[in-house]
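The structure appears below as structure tokens.
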Amino acid sequence: EKNDRIGGQFRLAMQIPGKEEFRETIRYFANQVDASGVNLKLDTEATFEMLLKYDEVVMAAGVEPRKLNLEGIDQENVVDYQTLIRDKTPVGEKVAIVGAGGIGVDVATMLTEPASHSLDDWLHEWGIDKNMEHPGGLFPYPDAMSEKTVWVMQRKAGRVGKGPGKTTGWIHKRTLEKRGVNLLGGVSYEKIDDQGLHITVNKEPKVLDADSVVICAGQVSVRPFEDMWQEFGNKLHVIGGADYAGELDAVRAIRQGVELATKL
């Protein structure tokens with residue numbers, strides 16, 4: 002593991018409001034590694050020569066953010082979701098988020114989360130009357146506007162925020178709407194410059210005067226020295242995000258690991 006701790010994408014997920022329980026998944030596997038006597042090498046980046054000596058090689062290097070081919074993408078105010086969450090990168094008061102999939106929605110939720118969010122705040126945000134003074138214990142949704150101006154955009158036309166979870170997607174979408182997040186579909190990205198993010202929506206050019214631009218445009222597999230994989234022959238096994246990065250799926254990745262382990 003080239004990082005100083007295990008966890009990968011789980012370490013990003015656990016920092017999203019409402020997903021803190023992923024810490025327990027990492028804790029569980031860390032304890033299992035220790036109890037099983039696995040020789041865990043942290044801060045160690047694997048090399049081709051290092052792996053050749055083993056009888057079996059499991060490539061589980063995960064994913065990394067997809068890089069966009071967009072003019073101005075290297076500006077200082079542009080950051081990918083992984084760097085933003087991992088390094089707690091400061092952003093401005095006006096944030097444009099490119100990508101409205103699960104990660105884009107999570108980033109928007111994180112950026113608009115109130116600094117202090119008690120249980121009473123949560124009840125108030127969702128219109129729950131704990132004193133039962135209103136019919137059904139409910140009162141009309143109050144707005145919980147964020148101090149930041151946030152845009153979440155997707156190339157696909159139609160409803161934004163449709164992707165994340167069938168049973169929970171509406172909650173995320175409603176949360177963003179109540180916080181005043183601007184949801185834009187059918188967007189073409191033109192360039193980023195000192196004015197902000199230049200886009201086209203329904204054939205109409207617009208400039209979002211964003212201080213910061215966060216790229217949440219999907220992932221690509223991390224497949225180190227792939228051009229030499231043939232030299233491993235049948236002893237190479239590719240699983241998880243390194244196998245397929247189309248949709249981040251922890252259940253599939255863990256299942257692949259378990260099934261491979263039973264065969265080895």
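For the sequence shown, my numbering assigns the number 2 to the initial residue and increments by one for each residue that follows.
Just so you know, even glycine gets a beta-carbon here, dropped at the ideal spot from N, CA and C.
Treat the numbers as computed from the prediction; the structure is a model and nothing was measured.
Less than 9 Å divides the Cβ of Lys68 from the Cβ of Asp81. Proximity to Ala47 across Ala62, Ser119, Val92 and Gly258 peaks at Ala62, based on C-alpha coordinates. For Trp123, the uninterrupted alpha helix (DSSP H) run begins and ends at Leu120 to Glu126, by DSSP. A distance of 9 Å or more separates the beta carbons of Leu198 and Leu184. It is roughly 42 Å from the alpha-carbon of Asn203 to the alpha-carbon of Asp130.
Annotation: the continuous alpha helix (DSSP H) that includes Ala36 extends over Phe23 to Ala36. Inclusion of Ala101 and Cys217 in the CB contact set at 9 Å is warranted, their separation being smaller than that value.
Annotated three-state conformation of Glu65 is strand, per DSSP.
As summarised for the region 150-228, the continuous alpha helix (DSSP H) elements at least 4 residues long and confined to that stretch are 170-179, given in chain order.
In this chain, the beta strand (DSSP E) harbouring Met60 covers Val58 to Met60. Non-local beta-carbon contacts of Glu114 in its own chain, meaning distances under 8 Å to residues more than five positions away in sequence, involve Pro18 in chain order. Excluding its 5 nearest sequence neighbours in each direction, Glu72 has C-beta neighbours in its own chain below 6 Å: Lys192, listed in chain order.
Secondary structure at Glu72: strand, using DSSP grouped into helix, strand and coil.
Judged by DSSP secondary structure, Asp244 falls outside any beta strand (DSSP E); it is assigned neither H nor E. Per DSSP, the unbroken alpha helix (DSSP H) holding Leu112 starts and ends at Gly103 to Thr113.
When secondary structure is reduced to three states using DSSP, Asp88 falls in the helix class. In this structure Ile240 touches Leu261 by the C-beta definition: roughly 6 Å separates them, less than 8 Å.
By the C-beta criterion, the region 227-242 is judged not to be in contact with the region 101-112, since fewer than 3 inter-stretch pairs fall below 8 Å. Between the alpha carbons of Val58 and Asn78 lies a distance of about 39 Å.
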